[in-house]
Amino acid sequence: MLQLKDPSLLRMQAYLNGQWCDADNGESFAVTNPATGEVIGHVPHMGTAETRRAIAAANEAWRGWRAKTAKERSAVLRKWNDLMLANADDLAQIMTVEQGKPLAEAKGEVAYAASFIEWFAEETKRVAGDTLASPWSDRRLVVVKEPIGVCAAITPWNFPAAMITRKVGPALAAGCPMIVKPAESTPYSALAMAVLAERAGVPAGVFSVITGDARAIGSEMTSNPTVRKLSFTGSTEVGRLLMQQSAATVKKLSLELGGNAPFIVFDDADLDAAVEGAIASKYRNAGQTCVCANRIYVQDGVYDAFADKLVAAVKKLKVGNGLEPGVTQGPLIDGDAVQKVEQHVADAIAKGGRVLTGGKRHALGRTFFEPTVIADVTSDMRVAKEETFGPLAPLFRFKDDAEAIAMANDTEFGLASYFYSRDIGRIWRVAEGLESGMVGINTGLISNEVAPFGGVKQSGLGREGSKYGMDDYLVIKYLCMGGI
Ligand code: ADP
1 MLQLKDPSLL
11 RMQAYLNGQW
21 CDADNGESFA
31 VTNPATGEVI
41 GHVPHMGTAE
51 TRRAIAAANE
61 AWRGWRAKTA
71 KERSAVLRKW
81 NDLMLANADD
91 LAQIMTVEQG
101 KPLAEAKGEV
111 AYAASFIEWF
121 AEETKRVAGD
131 TLASPWSDRR
141 LVVVKEPIGV
151 CAAITPWNFP
161 AAMITRKVGP
171 ALAAGCPMIV
181 KPAESTPYSA
191 LAMAVLAERA
201 GVPAGVFSVI
211 TGDARAIGSE
221 MTSNPTVRKL
231 SFTGSTEVGR
241 LLMQQSAATV
251 KKLSLELGGN
261 APFIVFDDAD
271 LDAAVEGAIA
281 SKYRNAGQTC
291 VCANRIYVQD
301 GVYDAFADKL
311 VAAVKKLKVG
321 NGLEPGVTQG
331 PLIDGDAVQK
341 VEQHVADAIA
351 KGGRVLTGGK
361 RHALGRTFFE
371 PTVIADVTSD
381 MRVAKEETFG
391 PLAPLFRFKD
401 DAEAIAMAND
411 TEFGLASYFY
421 SRDIGRIWRV
431 AEGLESGMVG
441 INTGLISNEV
451 APFGGVKQSG
461 LGREGSKYGM
471 DDYLVIKYLC
481 MGGI
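The UniProt record's numbering puts the first residue of the sequence shown at 1, with every later residue one more than the last.
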């Protein structure tokens, strides 16, 4: 099923302290292709002991890595970025086969993933301290920034490469080693990137990838006092648990959790642009991103026109195996994911929702689901409160700006929000009124390496990417220099 130019990128072992290794007990688990159900291979089922060793090795490697100049670290990271881009076709194939997303999207993700390595290869040269005006004539106050120490990351399956580089890029650039536990369903992208990191000259122990028992690995990562920082992207539920577990050793945390993004179309919007944005925001990765539009609010006057145009565009989406040319929507990650979409559709219909297109499992079977649009959606339905994480666009109706903002903010989440309007006054009012870490205005795509990614409320802590992203991996040290 895979036709790699470089078959050595597909690894069945974990990468710890510069060694490719199996689990201590020899156990492994299977990874399957969601489009076909075929087993791609097995990876080690590691646990506490292996995690502890990886942490100790990272701590050993830290000394040498932090002692390198920013320019030296930058050169290694730059090489890693170049290798990712040179092997983009292979990395994309591996990703499509384990995750399901169409090949074109997978290639896009590889470039996006590499961009974080490139960005932080550049940013590392610009980490700077400060001197402060001293209140004492005989003392000088200096602020320096230092790497926080051993970092751990737990990452999800929806972006198997980019959610790793967005964490490893700034960690390594800041001078910290990092151990990553990728999601069980998508370890091969992580392991392929480890092959390239090794080739780029990342020293042993500075970047490790451990596969296996999420609970055991997570428990060790959160309780081991050597780990100074944990970065997690995934569900709010697991994020809360990791935060609790990290309390005993007071770790610094970056959490990128659930979304439930509102997407608001005002009556002065360019409807064609809004439809294009909604398609990109809602159906990318089959609706399985934390910034996917989850609730689409459309103003009364343009509701029917928008719905008609959206349905026409949704009908053009092609569902299938992501490796096939022209496919724009792959399978969902697993059976549970399909069940959740099905439940949201059933709940909406039971409470008065009207299916305009789709609404059921796709004829292709397995975990394929029809791209779906439901009209007459109301705030008592599950889609209003919960992240669907699937290809379902629920259309809510609203009357005025205040109502739209109130409905959009009626959630414990606050990651991304989107709206379409051409009125400059309304644009500012709404942008300021929305409770979210990111706002897309007249666009459905907002993520890139230059911009700060992150949420407010229960969507998480910290910012990834951008000039702010390195701060999460640095600590401030104040030097008070007397005797002058
Ligand atoms: P999703 O619903 O998107 O799979 P999860 O939060 O369950 O989101 O998974 C995100 C990551 O968190 C995955 O790598 C998964 O293995 C990991 N994970 C899940 N449960 C735990 C846990 N109890 N401790 C540590 N990691 C966990």
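Ideal Cβ positions, reconstructed from N, Cα and C, are used throughout, including at glycine.
Predicted model only: the values in this text are computed from it and were never measured.
Could you give the DSSP three-state label for residue i: helix, strand or coil?
{"i": "Ser74", "result": "helix"}
{"i": "Tyr468", "result": "coil"}
{"i": "Pro262", "result": "strand"}
{"i": "Val180", "result": "strand"}
{"i": "Lys385", "result": "helix"}
{"i": "Trp20", "result": "strand"}
{"i": "Glu105", "result": "helix"}
{"i": "Glu122", "result": "helix"}
{"i": "Gly454", "result": "coil"}
{"i": "residue 491", "result": "As shown, the chain starts at 1 and ends at 484. That puts residue 491 outside it, with no answer to give."}
{"i": "Phe306", "result": "helix"}
{"i": "Leu132", "result": "strand"}
{"i": "Ser185", "result": "coil"}
{"i": "Phe116", "result": "helix"}
Once the 5 residues before and after residue i are set aside, which same chain residues still bring their CB inside 6 angstroms of it?
{"i": "Gly358", "result": "Glu370, Pro371, Thr372"}
{"i": "Leu132", "result": "Leu141"}
{"i": "Val345", "result": "Gly359"}
{"i": "Asn59", "result": "Val150, Thr226"}
{"i": "Thr411", "result": "Asn260"}
{"i": "Ile117", "result": "Leu77, Trp80, Asn81, Thr165, Gly169"}
{"i": "Arg322", "result": "Position check: residue 322 holds Gly in this sequence, whereas Arg was assumed. For Gly322, where only same-chain residues beyond five positions count, the Cβ hits under 6 angstroms are Thr96, Gly100, Lys101, Pro102, Leu103, Gly330."}
Let me check one thing: in DSSP terms, what residues is residue i bridge-paired to?
{"i": "Leu395", "result": "Ile296"}
{"i": "residue 568", "result": "No information on residue 568 is available, as it lies outside the stretch 1 to 484 that the chain covers here."}
{"i": "Glu256", "result": "Thr233, Gly460"}
{"i": "Cys480", "result": "Leu141"}
{"i": "Pro44", "result": "Ser28"}
{"i": "Glu146", "result": "Val475"}
{"i": "Thr36", "result": "Per DSSP, none; premise fails for Thr36."}
{"i": "Val373", "result": "Thr357, Ala393"}
{"i": "Ser417", "result": "Val439"}
Excluding the 5 residues flanking residue i on each side, which residues of the same chain have their C-beta closer than 7 angstroms to its C-beta?
{"i": "Arg199", "result": "Leu83"}
{"i": "Ala273", "result": "Tyr420, Asn442"}
{"i": "Asp380", "result": "Lys351"}
{"i": "Tyr283", "result": "Leu317, Gln329, Pro371, Pro391"}
{"i": "Glu387", "result": "Gly258, Gly259, Asn260, Asn294"}
{"i": "His45", "result": "Ala23, Glu27, Ser28, Phe29, Gly212, Asp213"}
{"i": "Gly70", "result": "The sequence given here has Ala at residue 70, not Gly. Around Ala70: Thr124, Lys125, Val127."}
Using beta-carbon positions only, say whether residue i and residue j come within less than 8 angstroms of one another.
{"i": "residue 494", "j": "Gly455", "result": "This structure cannot settle anything about residue 494, because the visible part of the chain is limited to 1 through 484."}
{"i": "Trp80", "j": "Val202", "result": "yes"}
{"i": "Pro170", "j": "Tyr473", "result": "yes"}
{"i": "Gly460", "j": "Leu255", "result": "yes"}
{"i": "Met193", "j": "Ile154", "result": "no"}
{"i": "Ala406", "j": "Ser417", "result": "no"}
{"i": "Leu271", "j": "Lys309", "result": "yes"}
{"i": "Pro177", "j": "Gly205", "result": "yes"}
{"i": "Ser281", "j": "Leu16", "result": "no"}
{"i": "Ile210", "j": "Ala61", "result": "no"}
{"i": "Lys297", "j": "Phe389", "result": "Per the sequence shown, residue 297 should be read as Tyr rather than Lys. No, the Cβ-Cβ distance between Tyr297 and Phe389 is not below 8 angstroms."}
{"i": "Ser447", "j": "Val319", "result": "no"}
{"i": "Ala128", "j": "Ser74", "result": "no"}
{"i": "Leu172", "j": "Leu77", "result": "yes"}
{"i": "Pro156", "j": "Arg66", "result": "no"}
{"i": "Glu98", "j": "Thr186", "result": "yes"}
State yes or no: is the beta carbon of residue i nearer than 8 angstroms to at least one beta carbon in chain B?
{"i": "Pro147", "result": "Absent here is chain B; the protein component of the structure consists of one chain."}
If you draw a straight line from the alpha carbon of residue i to that of residue j, how long is it in whole angstroms?
{"i": "Arg295", "j": "Tyr303", "result": "14 angstroms"}
{"i": "Ala92", "j": "Ser189", "result": "8 angstroms"}
{"i": "Leu230", "j": "Thr124", "result": "20 angstroms"}
{"i": "residue 522", "j": "Val238", "result": "An answer regarding residue 522 cannot be provided, because it is not within the stretch 1 to 484 covered by the chain."}
{"i": "Asp130", "j": "Val144", "result": "7 angstroms"}
{"i": "Glu27", "j": "Thr233", "result": "26 angstroms"}
{"i": "residue 487", "j": "Met1", "result": "Only positions 1 to 484 of the chain appear in this structure, which leaves residue 487 out of reach."}
{"i": "residue 507", "j": "Gln299", "result": "Given a span of 1 to 484 for the chain in the structure shown, any question on residue 507 remains unanswerable."}
{"i": "Ser219", "j": "Ile333", "result": "25 angstroms"}
{"i": "Asn87", "j": "Pro7", "result": "11 angstroms"}
{"i": "Met12", "j": "Pro34", "result": "18 angstroms"}
{"i": "Glu435", "j": "Ala363", "result": "39 angstroms"}
{"i": "Ile349", "j": "Gly301", "result": "24 angstroms"}
{"i": "Glu105", "j": "Val450", "result": "20 angstroms"}
{"i": "Gln19", "j": "Leu196", "result": "14 angstroms"}
{"i": "Val383", "j": "Phe396", "result": "10 angstroms"}
{"i": "Asp24", "j": "Thr51", "result": "11 angstroms"}
{"i": "Pro135", "j": "Arg126", "result": "28 angstroms"}
Within the same chain, show all residues whose beta-carbon is closer than 8 angstroms to that of residue i, passing over the 5 residues directly before and after it, in chain order.
{"i": "Lys251", "result": "Thr222, Val227, Arg228, Lys229, Leu230"}
{"i": "Gly41", "result": "Leu10, Met12, Ala30, Val31, Tyr188"}
Heavy atom of the ligand HEM less than 7 angstroms from the Cβ of residue i, yes or no?
{"i": "Pro34", "result": "Annotation note on the ligand HEM: not contained in the displayed structure, which lists the ligand ADP as its ligands."}
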